[in-house]
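*Asks:*
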Amino acid sequence: MKRDWDTVRDVLTKLEGLPNTDHYLSLGNFELTDANAAYAISYHMELLIEAGLVEGKMSRELGGGPINFTATRLTWTGHEFLDAIRSDTVWNKTKETFRTKGLDMTFDLIKTVAGGVATALLF
37 MKRDWDTVRD VLTKLEGLPN TDHYLSLGNF ELTDANAAYA ISYHMELLIE AGLVEGKMSR
97 ELGGGPINFT ATRLTWTGHE FLDAIRSDTV WNKTKETFRT KGLDMTFDLI KTVAGGVATA
157 LLF
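Each position in the sequence shown, counted from 1, maps to that position plus 36 in my numbering.
#1: Spatial neighbours of Thr113 within its chain, please: C-beta separation below 6 Å, excluding the five flanking residues on both sides.
#2: When the Cα atoms are used, what is the spatial distance from Glu116 to Gly151?
#3: Tell me the DSSP bridge mates of Glu91?
#4: Tell me Leu61's beta-bridge partners as DSSP assigns them.
#5: Quick check: what's the CA-CA separation for Val149 versus Gly92?
#6: Identify, in the order they occur along the chain, each residue of the same chain with its Cβ nearer than 6 Å to the Cβ of Lys129, setting aside the five sequence neighbours on each side.
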């Protein structure tokens, strides 16, 4: 499965929107259109936990199917990354930059490009 940066952004935004750390995010918090959507959310949450952007646990069960999870909060790095890409304007211009240059999106490059886009908007 390919990494989808729009899904990453959506998951981070949804987790940040929790009212406090007594709440958690799980697969049931997402409007899932089909099994593929559930697999995609689960896969991206696992990537975010592995990358240290999210604090949470994956719940592997026998029998297959999408893996559920419990995510409690963004880490400092998760907040910093989301802050860089939260604005729809910045996010859309960042994606367009990668598209027009024909480059693949990576975590570090996204932060750099989004920062440049935000700086250009400020001045």
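By construction, the Cβ of each residue, glycine as well, lies at the ideal position given by its N, Cα and C atoms.
*Replies:* Taking the geometry as given:
#1: Gly88, Leu89
#2: 11 Å
#3: Arg109
#4: Beta-bridge analysis with DSSP links Leu61 to Ala107.
#5: 28 Å
#6: Val153
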